[in-house]
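Structure, as structure tokens:
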Amino acid sequence: MTAPQPPPLANIRVLEFAGLAPGPFAGMLLADYGASVLRIDRAPASPTSDQLTRRKTSICVNLKSPAGLALIKKIIPQVDVLIDPFRPGVLEKAGLDPEKVLLKLNKRLIVARMTGFRRDGKYAHMAGHDINYIAVSGVLSMFGRKGEKPYPPGNVVGDFAGGGAMCFLGILLALLARERSGFGQVVEANMVDGSAILATMPRLGLKTEVWKGERGTNMLDGGAPFYDTYETKDGRYMAVGAIEPQFYAALLKGMGLKPSDLPGTRDNRADWPKLKEFFAAEFKKKTRAEWEAIFDGTDACCTPVFTQAELEEQGFDQRPAVTLKTSPGYAVHEGSDDRSAAEGQGIGWQGSGWSEKGLKPGSGGEDTLKAGYKCDEQKPFCGRCMRLKITCKGYGVRLKWQDDAVNTPAKPPRKSRKKKVIEQAHPLSPASVNSFSSMPLIISSPDNSLSSPGSTKSLPLLPLNSPALAYGLSPEDRWLLDYWVDQLSTLISVAPNMGISTPFQRHLTAMAYQSPALRSTILSMAANHLATSSKDPFLYFQRYRHQRDAIHELQRMIQHPSEMNAEPALATVMMMQVSARLFGEDEEATVANHLAGAKAMIVRSQGEDWLAGSGAQFLMSLFAYHDILSSVSRGSTPLLDHETDFTAIEGEHSLASIANVLLVVAQTSKLQHTIKMRRSLSPSVPALTEDENTTGTHIQQKLLAMDFATCKQEDEQETPDIKLTAEAYRHAAFIYLYRTWLDIGAPNPISMDHIDQCLAYLQQVDVRSPLTTAHIWPLFTAGCEAIDSTQRQFVRNRFEEMYAVKRFPSLRRVMRDIEHVWVAKDMEQQTKGQDGMAKVDCIQVILKNRGREVDLA
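In terms of UniProt numbering, the sequence shown is numbered consecutively and its last residue is 857.
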């Protein structure tokens, strides 16, 4: 059985102001399908009869106090949905006007307002209950027997079907609209219109034979003998709905009757009263159980009328209202978590939907607020969420720069004496030290290394590309910024050198002057890169100083939603991701989850105008590149679907071919995740399901259809290095696919052919080409699987040559990972032969034995 996906409303955060039935019912439906619902009760707390509290928590807030109002306003920017159950004007009077206040605080907020009467008309400000709302909607007039007064059908039609359920529907529609526009809105539901829409068919039927008669005389309101309830011998009831002739015939057969036995015909309305009396007498001849035995399994449309108490006694399992086969809602009935989608996922809820202890005002809400509605760690290994026993929601509004846990068991960080000397001389906050990579690998200085700017006299005379960028910066920072512009940004970029600035230079340098967080990040990277070569303590200090400043500035930005949803914030987080990958410690496993942070910003910013700009497109492509390759290194699905927003590496049209391959790689990662989840639940099932095999074949066909080396490209700017790199990516994608899909690698001949071709294409690219920045993944993928000593030596030499050009510690770190994999593969060959060697998964070796991902980006 395939593991279910999270419920569809997972990560949706809801504030529900405490109210009567409809609002709590809408909140319960949201919670049943994965939303986190926090009920706001009045302070001081008083007992409540609300039992629609499944999976909710509560806090008590005095909305009449400035502190209470301030708390609500503080929470609003982190919320997706607010349920307002009050009469018109209550929120406005409290200072929480939806359009003037709430949507100003959070443009993505959906304010769902639930009233009984319409918000306009003579009833708008009147008090009422379910019976009043369905009365003025015309629905109540349809319920009742002939000659009797209208009777209320409980409060099911108004409060729940026409109220809470319609409000729930409105919220879902608004969430769907937000996905397209990026903006929330006010949703107004009322029980008059909600119940009226439910009565559409009967209302239209008033002008037809079906429903034009007096109340209680029509086909579907108890007037027809074949659509009514009948008492049985034991005082219980059977429900008959044999409308169609064939079903009516089955009913008569079960009752042992022939049409000639009846006092009239079913098609003559004048005979209906006589037929009803006849059927009533017949049903009283047997008990309900006897009638059940007769009609069970037939098409007579005759069923027992069970009471709620009977169903509970029989063990009837309450289920989610709608079955979603792939991402079902949470189970209601208590039981194991291994159940069908129809029953829901999880272990159910105490009481199984038959009893509810309710939610004490103020219960559990504090933990919900502590969780911030958004976690800062990568699910599902979130230490804080495990402590609070809540579902991990991933990276969010509040930024914490050191995770408590990661995807794999983490090894203790190695101590560095040299780093200790620096920290003693310049004490820094723990956040700044632990959140970024520590002391990089120390090597001999390259020929082009620059002297340390320990004093202004030692500053190299390198002109800044834009004098305006240097204004207001210290000499040391100007020197680092210049190094970023002239050297480091070109080493990071994949774009070919066409005599113009690189995408990193074009999009980030000017932005860095406007954004302190981004500026501190790239200055830290510059100091880090220089320190790697020079071993200068002053540069190590500069690195830590700018890391600290970058975190503090980004924290400040995130506290203001308008700044968080802006280009500089996304640029800052993405450059932190690049920095962590290039300069992270060898065994570091607790790196802040920058990709999840970028995802949160992108999702929150959907519909923003700035996303259409070239700078944003560059950042989106950078995110997609890192996200897809990270999905490979962690053995999971990408954080976002990039089919529509990832057209080229770094947004450069000439690099589109490589992006096309990576999109296929993303599909392989999704396939890998699907297979892993299924096998974790059912280890004994076949190796592949039919759907999985079909997906693998489809991906294979996509890769076979690509041919960058021989086909003519329309883009004249696409250099040979791009074509060679794209081909190397394609063959690496084959290797990854066959490992995922067929669980094979070298020395299998299928894999060996792609290993040979991948390495051959990489070898043709000059090591000084910018394209080699993107060669880490194909070189790792083919290199790990290489079993020929000549090929292995080429991989070693290639990484060392790339390091000599770029001086990125990650290059040597990846090479050490490859050596580790080779040892594992060779040992497996010695013990289990070539078949055992072919089963060694390179990525899994690093995840399990090194306690971290491989830096493939």
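Note that the Cβ used here is the ideal one computed from N, Cα and C, for glycine as well. The model shown is predicted, which means the values in this text are computed figures rather than measured ones.
Could you pull the start and end residues of the beta strand (DSSP E) that residue i belongs to?
{"i": "CYS60", "result": "56 to 61"}
In angstroms, rounded to a whole number, what distance separates the CA positions of residue i and residue j?
{"i": "ARG118", "j": "LEU275", "result": "43 Å"}
{"i": "PHE278", "j": "LEU198", "result": "33 Å"}
{"i": "GLY315", "j": "ARG556", "result": "54 Å"}
{"i": "GLN185", "j": "LEU103", "result": "8 Å"}
{"i": "LYS723", "j": "LEU779", "result": "16 Å"}
{"i": "ASP267", "j": "PRO259", "result": "12 Å"}
{"i": "PRO749", "j": "PHE734", "result": "13 Å"}
{"i": "GLY264", "j": "TYR33", "result": "51 Å"}
{"i": "LEU20", "j": "THR572", "result": "46 Å"}
{"i": "residue 903", "j": "PRO537", "result": "Absent from the structure is residue 903, since the part of the chain shown begins at 1 and ends at 857."}
{"i": "GLU819", "j": "ARG506", "result": "38 Å"}
{"i": "ASP221", "j": "THR307", "result": "21 Å"}
{"i": "GLN577", "j": "HIS594", "result": "5 Å"}
{"i": "PHE541", "j": "SER579", "result": "16 Å"}
{"i": "ASP130", "j": "ASP159", "result": "6 Å"}
{"i": "SER680", "j": "LEU704", "result": "31 Å"}
{"i": "ILE744", "j": "ILE755", "result": "13 Å"}
{"i": "LEU619", "j": "ARG339", "result": "42 Å"}
{"i": "ALA804", "j": "ALA566", "result": "37 Å"}
{"i": "VAL332", "j": "PRO304", "result": "24 Å"}
{"i": "PHE17", "j": "GLY162", "result": "19 Å"}
{"i": "ARG108", "j": "THR694", "result": "39 Å"}
Across which residues does DSSP place residue i in a beta bridge pair?
{"i": "PRO809", "result": "According to DSSP, PRO809 bridges with nothing at all."}
{"i": "CYS301", "result": "DSSP lists no partner for CYS301."}
{"i": "THR115", "result": "ASN190"}
{"i": "VAL37", "result": "VAL14, LYS56"}
{"i": "GLN345", "result": "TYR330"}
{"i": "GLY364", "result": "SER58"}
{"i": "LEU82", "result": "LEU15, VAL111"}
{"i": "ARG42", "result": "VAL61"}
How far does the alpha helix (DSSP H) with residue i in it reach, from first residue to last?
{"i": "VAL578", "result": "567 to 583"}
{"i": "VAL90", "result": "90 to 93"}
{"i": "LEU847", "result": "842 to 849"}
{"i": "ILE722", "result": "720 to 741"}
{"i": "ASP477", "result": "475 to 483"}
{"i": "GLN314", "result": "308 to 314"}
{"i": "GLN606", "result": "Looking at the DSSP string, GLN606 is not in any alpha helix (DSSP H), and its letter there is neither H nor E."}
{"i": "LEU759", "result": "749 to 763"}
{"i": "ASN693", "result": "690 to 705"}
{"i": "ILE64", "result": "Strictly speaking, residue 64 in this sequence is Lys, with Ile absent from that position. Here LYS64 belongs to no alpha helix (DSSP H), and DSSP marks it neither H nor E."}
{"i": "ARG634", "result": "614 to 634"}
{"i": "GLN672", "result": "656 to 681"}
{"i": "PRO22", "result": "22 to 32"}
{"i": "PRO537", "result": "537 to 558"}
{"i": "VAL136", "result": "130 to 136"}
{"i": "ILE649", "result": "Per DSSP, ILE649 belongs to no alpha helix (DSSP H) and is neither H nor E."}
{"i": "LEU530", "result": "516 to 534"}
{"i": "THR490", "result": "489 to 492"}
{"i": "GLU292", "result": "288 to 295"}
Check the C-beta distance from residue i over to residue j and give it rounded, since I have them as a contact under 8 Å.
{"i": "SER501", "j": "THR773", "result": "Between THR773 and SER501 the Cβ distance is about 16 Å, and since that is not below 8 Å, they are no contact."}
{"i": "LEU105", "j": "PRO77", "result": "6 Å"}
{"i": "MET144", "j": "GLY216", "result": "Here residue 144 turns out to be Gly, not Met, going by the sequence shown. So it is a contact: roughly 6 Å between Cβ atoms."}
{"i": "LYS56", "j": "ARG39", "result": "5 Å"}
{"i": "TYR483", "j": "ALA526", "result": "5 Å"}
{"i": "LYS670", "j": "THR637", "result": "5 Å"}
{"i": "THR719", "j": "PRO496", "result": "5 Å"}
{"i": "ILE843", "j": "GLY635", "result": "6 Å"}
From the beta carbon of residue i, is the nearest beta carbon of chain D less than 8 Å away?
{"i": "ALA782", "result": "Chain labels in this structure do not include chain D; a single protein chain is all it has."}
Inside the region 226 to 272 only - beta strand (DSSP E) runs reaching at least 3 residues: Listed in chain order, the complete beta strand (DSSP E) runs (minimum 3 residues) inside the region 226 to 272 are 227 to 231, 237 to 241.
Contained beta strand (DSSP E) runs [length at least 3] in the region 157 to 222, N- to C-terminal order: 186 to 190
Sequence ranges, alpha helix (DSSP H) only - wholly within the region 765 to 823, length at least 4: 776 to 785, 789 to 806
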